[in-house]
Amino acid sequence: MQDSFNTVLPEQFAHWLHSPLGQCVLEHEQRFFDSAVADVFGYYAVQLELPGLDLLRSNRMPTRLTAGLSRHCSLNCDPAQLPFSTASIDLLVLPHTLDFHADPRAVLREAERVLVPEGRLMLTGFNPWSLWGMARRGKRGQGMPWQGHFLSLPRIKDWMALLNFEAGANKVHCYLPPLAQCGWRNRFAFMEYAGQRWWPVAGGIYCLEAVKRVRGMRLIAPRWKKAHSSVRAVAVALPDRQEQPDD
Numbered sequence: 001m002q003d004s005f006n007t008v009l010p011e012q013f014a015h016w017l018h019s020p021l022g023q024c025v026l027e028h029e030q031r032f033f034d035s036a037v038a039d040v041f042g043y044y045a046v047q048l049e050l051p052g053l054d055l056l057r058s059n060r061m062p063t064r065l066t067a068g069l070s071r072h073c074s075l076n077c078d079p080a081q082l083p084f085s086t087a088s089i090d091l092l093v094l095p096h097t098l099d100f101h102a103d104p105r106a107v108l109r110e111a112e113r114v115l116v117p118e119g120r121l122m123l124t125g126f127n128p129w130s131l132w133g134m135a136r137r138g139k140r141g142q143g144m145p146w147q148g149h150f151l152s153l154p155r156i157k158d159w160m161a162l163l164n165f166e167a168g169a170n171k172v173h174c175y176l177p178p179l180a181q182c183g184w185r186n187r188f189a190f191m192e193y194a195g196q197r198w199w200p201v202a203g204g205i206y207c208l209e210a211v212k213r214v215r216g217m218r219l220i221a222p223r224w225k226k227a228h229s230s231v232r233a234v235a236v237a238l239p240d241r242q243e244q245p246d247d
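If you want it as structure tokens, here you go:
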């Protein structure tokens, strides 16, 4: 089962994203990634799985690549055993990678290892506390995307906290029922707008940003800032010396 999870499911999910229902999911997530990665700077950005989608297209780092077990990844490897040096990657993108890997906690541990201090992690996943989660229980994990783990957002944040990740902004989308027929989805389109107000945690997918924090790390100020502080300290001290009476 583990080999099937690692090698078959990511490609099946990539194929499902081309379906009408998959396109609804992809539309929300592409907007999220386009916005989230645009202002992340550094040298190396990596997307784990889904090589057919350019989720790093709005990022401007000189090196951007896809890695994973799916065919056509620029680097073929297990997301839980990345061939990168420790603290070498500035940005890591996980589009449902945790949903379709046999050991999602190992993937997060590996993400923490390869990210530089203050490195950024962006991920998406299916929300079990939603109409999509109810549909998954009804389908008993058969077919796509119901074979995924559907890990809850609080659980992901708990795992991140243990790995020194600081969870940032998160967004939830796809409040409408996961209906295959476009006509039925249009009838329930109002739920996408009402859901953000009335049941904001019950969307079918979540998008999460996080930063790797390193305890005890002290940021070193540029030398010009130190020089500027010294000048100000002298300027403030001079009047005090002038006000002292002469012996």
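Numbering (UniProt numbering), first residue to last: 1 to 247.
C-beta atoms are modelled at their ideal positions from N, C-alpha and C, and glycine is treated no differently.
{"Check": "Exposure label - Pro154; buried when at least 16 CB within 10 Å", "Outcome": "exposed"}
{"Check": "Residue(s) in a DSSP beta bridge with Thr66", "Outcome": "Gln47"}
{"Check": "Contact belief for His96 with Thr66 at Cβ below 8 Å, rounded distance in angstroms", "Outcome": "His96 to Thr66, Cβ: 14 Å. No contact."}
{"Check": "Leu56 versus Gly148 - alpha carbon distance", "Outcome": "23 Å"}
{"Check": "Residue of Lys139, Gln23, Glu49 and Glu29 minimising C-alpha distance to Pro10", "Outcome": "Glu49"}
{"Check": "Lys225, buried or exposed, once every other Cβ within 10 Å from all chains shown has been counted against 16", "Outcome": "Caution applies to Lys225, whose pLDDT of 48 falls short of 50 and renders its modelled position unreliable; the value that the coordinates give is listed next. Exposed: under 16 other Cβ atoms inside 10 Å."}
{"Check": "Environment of Trp198 [buried if 16+ CB atoms lie within 10 Å]", "Outcome": "exposed"}
{"Check": "Rounded straight-line distance, which links the Cα of Pro200 to that of Lys157", "Outcome": "17 Å"}
{"Check": "C-alpha gap between Val234 and Gln47, whole angstroms", "Outcome": "Residue placement at Val234 cannot be trusted, given a pLDDT of 40 that sits under 50; the coordinates are not used to answer."}
{"Check": "Residue from Leu176, Val211 and Gln23 with nearest C-alpha to Glu118", "Outcome": "Val211"}
{"Check": "Local Cβ density within 10 Å of Leu94, reported as buried at 16 or more and exposed below that", "Outcome": "buried"}
{"Check": "Beta-carbon spacing of Arg120, Leu151 below 7 Å", "Outcome": "no"}
{"Check": "Whole beta strand (DSSP E) elements within the region 117-167, 3-residue minimum", "Outcome": "none"}
{"Check": "Cβ neighbours of Met160 in the same chain (closer than 6 Å, five flanking residues each side left out)", "Outcome": "Ala167 and Ala210"}
{"Check": "Between the CA atoms of Leu163 and Thr86 - distance to the nearest angstrom", "Outcome": "14 Å"}
{"Check": "In DSSP terms, what His173 is bridged to", "Outcome": "Ile205"}
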